[in-house]
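Chains as they are written, first to last, in our numbering: chain A, 2 to 305; chain B, 801 to 943.
Quick reminder that beta carbons are idealized off the backbone N, C-alpha and C, glycines included.
Quick notes on the structure that follows.
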Amino acid sequence: MRHLIDILDLSTEEIDDLINTANDIIANPEKYKDICKGKLLATLFFEPSTRTRLSFEAAMYGLGGNCLGFAETNSSSTAKGESVGDTAKTVGCYADIIAMRHPKEGAPLVASQKAGIPVINAGDGGHNHPTQTLADLLTIKREKGSFDNLTVGLCGDLKFGRTVHSLIIALSRYKNVKFVLISPKELTLPEYMKNNILNKQSVPYEETTSLDSVMPSLDILYMTRVQRERFFNEADYIRLKDSYVLTLQKLAGAKDDLCIMHPLPRVNEIAVSVDADKRACYFKQVSNGKYMRMALILKLLEVK
Amino acid sequence: MIVDSIQNGIVIDHIRAGKSMEIYQALNLDQLSCQVAIIRNASSKKRIKKDVIKIDAPIDLNIDVIGYVDPDITINYIRDGKIIEKKHLALPERVTNVIFCSNPRCITSCEQELPHVFKLTDRKSRTYRCIYCETRSKAQEND
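Listed below in structure tokens is the structure:
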């Protein structure tokens, strides 16, 4: 039985297979609309998340299956002190597959050891969020045609942003990918990511504080939110926050086929006026997330 | 100084000088009722100085604990006054309830019954990481 806890649980070949399946679902939704009839997805969300939970549920309904679950801890036995393992074991008696979000890091791994059915990590604290990475990868593949030979700009909070870390890990496995790391010096990519992933695999990267200066070189621009609470003082936050807000003006020097991405929700880091630009791909990411989750559910349920 | 040889038991040899008490505590040797000798700063050919622990009973040892504290240790199993087995240790791939995760965001921080499991992620730097949250082992950072 397979689970998805960390993006590295999937080989590049398996990711390619999931992308092929997702593309086929997009092209032929009718073919898949009853393929999971009679199957149940349990969405166990121990902390609120509208987007990810709805995406999983939409994915399962799109395959003809059904969903059950909870969207906050107060409505589960956890409020009575039940362990994650016991909750997963219980749900394993009802459902065929689990998607779990939990504020504690490693909770989905514990669930996968007890549930007896496949478990998908739908986000465990600030640790992993592999299905967001799958959505990002499908978006890049559909927009650029390949993962090879890309210059990928990652902008904003590179220190705490889990989606950024997972994407770097996933893309580092492909050929000639170069990263441009754009962040205030307080929020640079952690040393362990540079040493254990980039340097170890000889992946080229450059670090800069200026988005404007690197914009013309980018094939992908992945924006993240710079959060006020990450700064030690208010003055630094005010000084830096607008440097990382993407506007049409800042896009003037960018490539015509730049792909602008964001894991959403955004606060103010991409101006609403950018939404109409053909290079804005962040709402396509949301849609792609559903199709990748459909492909993943099929794979883990071994439905052909 | 002379410490008697043992007839049936275990000799934990080639302990890095000064580490014997750490091994003693990690293995809970204080709970044994048999004779236990701790020899500190003994002369050594392999190392200039070494510690040695002699246990005068054939007990079950948690090899992972010893390998984690010092992978260069040798364990000699003694029966009828002779060495019947000599075990050279290595860093264990995985240790359970030897290192404890200190990350307050880790699931082990709120579920008391979960075992604290760390896996070896880099043999060269002796780095262990929590299997749940990937936090690096503090003991190795201080080493």
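In this structure A:E106 is buried. Its beta-carbon is surrounded by 16 or more other beta-carbon atoms within 10 angstroms. At least 9 Å separates the CB of B:I899 from every CB of chain A.
In this structure, A:V120 lies near A:A100, with their beta-carbon atoms less than 9 Å apart.
The shortest C-alpha to C-alpha distance from B:S925 to any of B:I873, B:L891, B:D813, B:V895 is the one to B:L891. A distance below 8 Å between beta-carbons, with the five flanking residues on each side excluded, links B:D813 to the following residues of its chain, in chain order: K850, V852, I873, T874, I875, N876. For A:G86, a Cβ of chain B is located within less than 9 Å of the residue's own Cβ. In the displayed model, B:D870 falls within coil according to three-state DSSP, outside both helix and strand. Contact between A:Y292 and A:I26 holds, since their C-beta atoms are separated by about 5 Å, short of 8 Å. The continuous alpha helix (DSSP H) containing A:R52 extends over residues 51-63. Not a single CB atom of chain B sits nearer than 9 Å to the CB of A:V287. Taking a beta-carbon distance threshold of 9 Å, A:D125 counts as an interface residue toward chain B. Residue burial is scored here from C-beta neighbours: B:Q825 has fewer than 16 other C-beta atoms within 10 angstroms and is therefore classed as exposed.
The beta carbons of A:T225 and A:C156 sit closer together than 9 Å. Note: B:I883 is bridge-paired with B:I878 in the DSSP secondary-structure output.
Flagged as an interface residue toward chain A: B:T908, by a C-beta distance shorter than 9 Å.
A check of alpha carbon separations from A:G93 across A:P185, A:T44, A:T74 identifies A:T44 as the nearest. If you draw a straight line from the Cα of A:V85 to the Cα of A:T91, it comes to about 10 Å. Residue contact with chain B for A:H130: absent (no Cβ-Cβ distance below 9 Å to any residue of chain B). Nearest CB-CB separation between A:H4 and chain B: not below the 9 Å threshold. Looking at A:A59, A:A112, A:D243, the one whose alpha-carbon comes closest to that of A:P30 is A:A59. The beta carbon of B:G867 sits closer than 7 Å to the beta carbons of L889, A890, L891, P892 from its chain, once the five residues preceding and following it are set aside; these are given in chain order. Note on A:C37: 16 or more other CB atoms within 10 angstroms of its CB, so buried under the neighbour-count rule. Counting other Cβ atoms within 10 Å of its Cβ, B:N903 reaches 16 or more and is therefore classed as buried.
In the displayed model, A:I169 falls within a helix according to three-state DSSP. Judged by pairs of C-beta atoms under 8 Å, the stretch 131-151 of chain A does not touch the stretch 181-201 of chain A, as fewer than three such pairs exist. Cβ proximity to chain B below 7 Å picks out A108, L110, V111 from the stretch 108-120 of chain A. For A:T209, the beta-bridge partners assigned by DSSP are A:I183.
Between B:D922 and chain A, the shortest Cβ-Cβ separation is below 9 Å.
In summary, B:C901 is buried, with 16 or more beta-carbon neighbours lying within 10 Å of its beta-carbon over all protein chains present. The shortest CA-to-CA distance from A:T248 to any of A:Y238, A:Q202, A:A277, A:P266 is the one to A:A277. The beta carbon of A:Q228 sits closer than 7 Å to the beta carbons of D158 from its chain, once the five residues preceding and following it are set aside; these are given in chain order.
Contact check for A:K251 against A:T22 fails: the beta carbons are separated by 9 Å or more. Among the residues of chain B, none has a CB under 7 Å from the CB of A:E192; the nearest is roughly 11 Å distant. Around A:L19, the same chain offers L135, M293, A296, L297, K300 as residues with beta carbons nearer than 7 Å, after the five sequence neighbours per side are excluded. In terms of beta-carbon proximity, A:K90 stays away from the interface with chain B, with every pair separated by 9 Å or more. For B:C930, the number of other beta carbons within 10 angstroms of its own is at least 16, and it is reported as buried.
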